[in-house]
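Asks: Following this message is one structure expressed as structure tokens.
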Amino acid sequence: MGFSLITYPYATRVLQVSNLGKVNYASSIASYFVLLAALGFSTYAIREASRVRDNKQKLGSFVNEIYTANFITVLIAFALFITAIFTVNKFQDYRLLLLINSLSVFSAWISLSWINVVFEDYLIITIRSIILHLLLIVLMFIFVKKESDYYIYAAINVLSNVAISIANGIYIRRYVKPGFTRRPKFKVHIPPVLVFFSNTLAVSIYLNADVTMLGWMIGDTPVGLYSVAVRIYTAIRTLIAAVYNVAI
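In structure tokens form, the structure reads like this:
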């Protein structure tokens with residue numbers, strides 16, 4: 053929240069509304085492919101891994117199965133995203149921004165943050181996230197200096213998630229070392245994963261459809277104006293969601 057509220061006024065002033073709209077529109081498009089890549093593996097894995105977290109052998113096997121199955125969905129989502137970027141006429145003016153955002157498709161798979169949840173390990177990832185975001189604030193003030201730097205702004209936003217994901221992917225090896233398996237047991241895992249995915253999809257459409265529709269039907273400037281207007285609301289919503297998730 054702090055990262056967003058500190059950088060957004062600066063980005064709005066430097067990049068101007070239209071360019072900010074381009075960045076937010078590209079991000080909203082990417083979010084659907086990120087959702088497809090993640091499917092419902094995270095929520096499903098938290099439930100199932102929590103049952104066997106004290107059995108290292110069973111936990112290791114389960115993690116490898118989810119790691120492999122999720123990698124396949126990531127590749128499918130990434131291939132579909134790249135295909136859409138170069139075949140959908142509407143995306144021609146946003147290709148570089150979309151390509152930058154395509155890196156976020158790999159974030160959830162690399163991070164394996166659900167393992168932190170299974171072991172109720174939140175302190176380390178919180179501290180690491182704060183440190184990384186502070187560094188990214190510095191990078192933004194250094195490199196985003198003029199209106200044409202909106203590509204750099206987009207890259208910094210995407211790289212923040214990727215950097216956090218890589219750092220967490222390394223950290224969780226203290227609990228388990230994920231790897232690929234020849235038997236990911238799709239028939240066992242995919243049906244319940246799709247149930248969780250349907251819920252996540254509904255939430256994602258509710259949260260992202262507004263920006264996507266504005267960008268598709270009207271253009272970049274309305275998206276930029278709208279994004280600025282809902283920034284405070286988004287921050288408050290994030291805080292409420294965090295309290296809700298911890299309570300649950």
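Residue numbers (the working numbering): 53 to 300. Beta carbons are placed, not taken as given, at the ideal position from N, Cα and C, and that holds for glycine.
1) Assuming I162 and I218 form a contact by the criterion Cβ under 8 Å, report the distance between their Cβ atoms to the nearest whole angstrom.
2) Would you identify the three-state DSSP class for V282, choosing helix, strand or coil?
3) Which stretch, first to last residue, makes up the alpha helix (DSSP H) that contains V147?
4) Is it right to say M265 is buried, meaning 16 or more other beta carbons lie within 10 angstroms of its own, or is it exposed?
5) Tell me which residue opens and which closes the alpha helix (DSSP H) that F232 is part of.
6) Classify L187: buried if its beta carbon has 16 or more other beta carbons within 10 angstroms, exposed otherwise.
7) By DSSP, does L164 sit in helix, in strand, or in coil?
8) State the start and end residues of the unbroken alpha helix (DSSP H) segment that holds Y60.
9) Can you name the start and end residues of the alpha helix (DSSP H) that E100 belongs to?
10) Assuming A89 contacts F130 (C-beta within less than 8 Å), just tell me the rounded distance between them.
11) Which same chain residues, not among the five before or five after E192, have their C-beta less than 8 Å away from its C-beta?
12) Could you check if I81 is buried or exposed, using at least 16 other CB atoms within 10 Å of its CB as the buried criterion?
13) State the DSSP-derived secondary structure class of I300, mapped to helix, strand or coil.
14) Could you tell me the distance, in whole angstroms, from the CA atom of I216 to the CA atom of S56?
15) S156 lies in the alpha helix (DSSP H); which residues open and close that run?
16) Which residues in the same chain have their Cβ closer than 7 Å to the Cβ of G221, if we skip the five residues on either side of it in sequence?
17) Is the segment 268-277 in contact with the segment 67-75, if contact means three or more CB pairs nearer than 8 Å?
Replies: Straight from the coordinates:
1) Here residue 162 is taken as the residue at index 110 of the sequence shown, counted from 1. Here residue 218 is taken as the residue at index 166 of the sequence shown, counted from 1. 6 Å between Cβ atoms; contact.
2) One-based indexing of the sequence shown puts residue 282 at position 230. In this structure, V282 counts as coil in the three-state DSSP scheme.
3) If you number the sequence shown from 1, residue 147 lands on position 95. Val is not the amino acid found at residue 147; the sequence shown has Arg there. Secondary structure note for R147: its alpha helix (DSSP H) is the uninterrupted segment 147-153.
4) For the purposes of this step, residue 265 is identified with residue 213 of the sequence shown, where counting begins at 1. The residue is exposed, with fewer than 16 neighbouring Cβ atoms inside 10 Å.
5) If you number the sequence shown from 1, residue 232 lands on position 180. That residue, F232, is in no alpha helix (DSSP H); it is neither H nor E in DSSP.
6) On the sequence shown, residue 187 is found 135 positions in, with the first residue counted as 1. Counting Cβ neighbours within 10 Å, L187 comes out exposed, since fewer than 16 surround it.
7) Within the sequence shown, the letter at position 112 stands for residue 164. In the structure shown, L164 falls within a coil segment according to DSSP collapsed to helix, strand and coil.
8) What you label residue 60 is simply residue 8 of the sequence shown in a count that begins at 1. Segment 54-90, the alpha helix (DSSP H) holding Y60.
9) Locating residue 100 in the sequence shown gives position 48, where the first residue counts as 1. E100 -> alpha helix (DSSP H) spans 93-104.
10) Numbered from 1 along the sequence shown, position 37 holds the residue referred to as residue 89. Numbered from 1 along the sequence shown, position 78 holds the residue referred to as residue 130. Rounded to the nearest angstrom, the Cβ distance from A89 to F130 is 7 Å, consistent with a contact under 8 Å.
11) The residue you call residue 192 lines up with position 140 of the sequence shown. The amino acid occupying residue 192 in the given sequence is Met; Glu does not appear at that position. For M192, where only same-chain residues beyond five positions count, the Cβ hits under 8 Å are T59, Y62, A63, Y205, I208.
12) Translated into positions along the sequence shown, residue 81 becomes position 29. Flag for I81 reads buried.
13) One-based indexing of the sequence shown puts residue 300 at position 248. Coil at I300, not helix or strand.
14) Taking the first residue of the sequence shown as position 1, residue 216 is located at position 164. Taking the first residue of the sequence shown as position 1, residue 56 is located at position 4. Going from the Cα of I216 to the Cα of S56 covers about 16 Å.
15) Here residue 156 is taken as the residue at index 104 of the sequence shown, counted from 1. Neither: S156 is in no alpha helix (DSSP H) and is coded neither H nor E.
16) Position 169 of the sequence shown holds residue 221. By the criterion of a C-beta distance shorter than 7 Å, G221 is surrounded in its chain by I162, S163, L164, once the five residues flanking it on both sides are discounted.
17) yes
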